[in-house]
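Report on the structure given below.
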Amino acid sequence: MRPLLTASAIAGLVALGLTACQREPAPAAEAPPPAPAAAAPAPAPVVPTAEGAWSPAITAEDFAARVQKLASDQFEGRKPGTVGERLTTAYLKDQFEQIGLKPGNAGSWFQTVPMVETTMVDADQVALDVKGSGGEARFAFGTDMVLGTLDGSLEVELEDSDVLFLGYGVDAPDQQWNDFDGIDVKGKTIIVLVNDPGWGSQDAELFKGRALTYYGRWTYKFEEAARKGAAAALIVHEDAGAGYPWGVVQAGWSGPQQSLPASEDPAPRLKAAGWLTSDAARRLFATAGQDFDALKKSADVRGFKPVALGAKLSTRFTNTVTRSTSENVLALLPGTTRADEVIVYTAHWDHLGKDEHLQGDQIYNGAVDNATGVAALLEIAEAFKHQQPAPERSILFLAVTLEESGLLGSAYYAAHPAYPLAKTVANINIDALPVIGRSKDVSVIGLGQSELDAYVTAAAEAQNRTITPDASPEKGFFFRSDHVNFARGGVPALYAAGGEDLVEGGTEAGARAEADYNTHRYHKPADEFDPNWDLRGTIEDLDLLYAVGRRLAGESTFPQWKPGADFRRPQ
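One gets this note's numbering by counting positions in the sequence shown from 1 and adding 123 to each.
Below is the structure:
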């Protein structure tokens, strides 16, 4: 999920002038300075369209109505495997059917995704106990760390497990970097840093400098630790390197955890994995008689060697494991002349559900993340359905599940595509649209990778907007939404939305709004529909994404990856 811009009260700063008393007579009064230009008036609140009274055009009123519905308490946070899922997928099927689309999966509106759900029993009683030369310490679930199993174990027990510091936990032959060099981690607990060495050192020559690579993803770190035989791995969290605050980690690792069964995802899995806060890591290293900050700095330099901390870690917890399913929703608009060639629009419908342990509001409504993306699918689908002439290529609207659990729904689709990936023209992914007004720029995540750059540039120029690359490449947005599974399958993918340079307020206002959303609403119950959102820029974004698809649907060529890109088209 991309934690992008959302609504916030963007207040102007007012300078107060102070006058001093003077003993000498005051000079003749001068003309008063001109009054500052009045701020542009806020747009009137959008009145959502009444159910069923949809316009064939892309409109703010229709979009708002659909977001409001999907993000309502009735849908209970759209958690896979719950009543909220059944309400969501039924709503989407009905909406696509009303638009006039056809079932997109061999006569079915749905693609069943197998799911394993693991729930820790009495998580609030689970702790990590560490003892070393500097004493003993206990770390509490939620406040100091989060923990879970990735291999579906019912019982997990670590007793006096040796603790090692492995830098970034990266073995990257292409970068001539191996944090595992010269040490055996089998059966031990490793502690690793978030992100990758290029981020830590801010060295443009290491990996991709500030830009997070796949080696910086938490999923890679846990897989690599399992590949090397570790019993457990803990990632040290920091807001800047992760791209999100500790509360996001805490919420994501609390409650049931979903995964694909091993038969669908054969990557190695750890018996125990989790995260530590930075403060907890400092305390843990001190317990071992070590300086966390000094060792952290040493891990940024080529030639780093892993460190045995001389500490022992113990924990014990029990899980319940159930097998169930969730659903991707697929709706198809068949092409007129090249129906076997497909453009896929994606957005994830799932969110975090509800947490009965919370005081007050317990529902993670997920309005921006990602009711906006799903509403966009419906709006763009309507535009295509009423397009004249009708699109020559087929358009698939794919609302995927289990994005919040690790992009699992899109991973399953990429492994079991309803239409061959070799015949898939492009993927256009929509996740967490900004709702803060018009922007002068369009941010393209992964700019420079594929020929889709030219398509989105042309569409932006038609709106008098410019293209900008990801403003925060260290946050790894390219790896945090569903398009990446299409890219890994070789399909060029576009992930774009309004940038930070707002028409009203510029980059300062845009950055302030992003920070406000990430701090107060991202992955929190406060991510709710707000009738005061400024949707003018959001609708421009939808028009742009529709324009890209419309052009692709009328062509006969297939966009390619650019030379030097990380991916290749399927043959």
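Quick reminder that beta carbons are idealized off the backbone N, C-alpha and C, glycines included.
Quick caveat: nothing in here was measured; it's all calculated off a predicted structure.
Whether residue i touches residue j by CB criterion (7 angstroms)
i, j, result
"Thr-469", "Leu-521", "yes"
"Ile-553", "Leu-617", "no"
"Asp-478", "Thr-524", "no"
"Gly-271", "Gln-380", "yes"
"Gly-622", "Ser-562", "yes"
"Ala-555", "Asn-608", "no"
"Ala-494", "Ala-188", "no"
"Leu-289", "Val-359", "no"
"Gln-234", "Asn-451", "yes"
"Pro-391", "Ile-306", "no"
Residues near residue i by beta carbon distance below 6 angstroms, same chain, minus five either side
i, result
"Leu-519", "Gly-227, Leu-455, Val-465, Val-467"
"Gly-223", "Lys-508"
"Gly-258", "Thr-410"
"Glu-405", "It should be noted that the sequence gives Arg, not Glu, for residue 405. Excluding positions up to five away in sequence, the list reads Phe-415."
"Glu-282", "Ser-437"
"Ala-431", "Leu-287"
"Glu-505", "Pro-179, Ile-222"
"Arg-461", "Glu-515, Arg-516"
"His-606", "Asn-550, Asn-552, Ala-616, Tyr-618"
Residue i, enclosing alpha helix (DSSP H) - first and last residue
i, result
"Trp-369", "369–375"
"Val-523", "Note, Val-523: premise wrong, no alpha helix (DSSP H); beta strand (DSSP E) at 516–523."
"Asp-217", "206–222"
"Ser-324", "320–324"
"Leu-193", "183–193"
"Gly-700", "Within the shown structure, residues of the chain are numbered from 124 to 694, placing residue 700 beyond reach of any answer."
Alpha-carbon to alpha-carbon, residue j and residue i
i, j, result
"Glu-346", "Leu-383", "14 angstroms"
"Thr-438", "His-643", "33 angstroms"
"Lys-419", "Asp-185", "50 angstroms"
"Glu-597", "Leu-399", "20 angstroms"
"Thr-342", "Ala-167", "43 angstroms"
"Gly-433", "Glu-663", "57 angstroms"
"Asp-463", "Ala-619", "26 angstroms"
"Pro-159", "Ala-165", "Since pLDDT at Pro-159 reaches only 45, below the 50 mark, its modelled position is unreliable, and the value read off the structure follows with that caveat. Approximately 17 angstroms between the Cα atoms of the pair."
"Gly-458", "Gly-532", "25 angstroms"
"Ala-260", "Glu-240", "31 angstroms"
"Asn-641", "Ile-503", "27 angstroms"
"Pro-693", "Lys-685", "14 angstroms"
"Phe-408", "Ala-417", "11 angstroms"
"Ala-180", "Gln-510", "10 angstroms"
"Val-548", "Ala-610", "12 angstroms"
"Leu-675", "Gly-489", "31 angstroms"
"Glu-678", "Gly-613", "19 angstroms"
"Glu-361", "Glu-174", "44 angstroms"
"Ala-263", "Ala-403", "9 angstroms"
"Gln-572", "Gly-366", "22 angstroms"
"Gly-672", "Gly-660", "19 angstroms"
"Val-444", "His-480", "21 angstroms"
"Ser-447", "Gly-204", "7 angstroms"
"Arg-333", "Ala-295", "17 angstroms"
The beta strand (DSSP E) enclosing residue i, as first and last residue numbers
i, result
"Ala-395", "395–399"
"Ile-662", "Ile-662 -> not in any beta strand (DSSP E); alpha helix (DSSP H) instead, spanning 659–676."
"Asp-564", "564–567"
"Arg-261", "258–263"
"Ala-349", "That residue, Ala-349, is in no beta strand (DSSP E); its alpha helix (DSSP H) goes 341–350."
"Leu-418", "Here Leu-418 belongs to no beta strand (DSSP E); instead the alpha helix (DSSP H) covers 415–421."
"Asp-252", "250–255"
"Ala-549", "547–552"
"Ala-538", "No beta strand (DSSP E) holds Ala-538; the alpha helix (DSSP H) holding it covers 531–538."
"Leu-357", "355–359"
"Ile-313", "312–316"
"Thr-235", "233–243"
"Val-279", "278–288"
"Gln-381", "380–382"
"Gly-271", "268–271"
Residues near residue i in its chain [Cβ-Cβ closer than 8 angstroms; skip 5 each side]
i, result
"Ala-353", "Val-308, Lys-309, Gly-310, Lys-311, Thr-312, Ile-313, Leu-393"
"Ser-324", "Asp-423, Val-424"
"Thr-64", "There is simply no residue 64 to check, as the chain begins at 124 and stops at 694 in what is shown."
"Arg-146", "Confidence in Arg-146 is poor, its pLDDT being 29 and thus under 50, which makes the residue's placement too unreliable to answer from."
"Ser-284", "Gly-310, Lys-311, Thr-312, Ala-354, Ala-355, Lys-435, Leu-436, Ser-437"
"Ala-541", "Gly-227, Asn-228, Ala-229, Gln-234, Leu-453, Leu-519"
Chain-order list of residues whose beta-carbon lies under 7 angstroms from that of residue i (same chain, five-residue window excluded)
i, result
"Ala-385", "none"
"Phe-330", "Gln-298, Asp-319, Pro-320, Gly-321, Thr-336, Tyr-338"
"Leu-658", "Val-169, Ala-183, Phe-186, Ala-187, Val-558"
"Lys-351", "Phe-303, Val-308"
"Ala-649", "His-643"
Identify every run of the alpha helix (DSSP H) within the segment 439–513, keeping only runs that are complete inside it and at least 4 residues long; order them along the chain.
Those alpha helix (DSSP H) runs which fall completely within the segment 439–513 and span 4+ residues are 495–508.
Enumerated in chain order, which unbroken segments of the alpha helix (DSSP H) with a length of 4 residues or greater are wholly contained in the segment 586–640?
Within the segment 586–640, the runs of alpha helix (DSSP H) at least 4 residues long that lie entirely inside it are, in chain order, 606–611.
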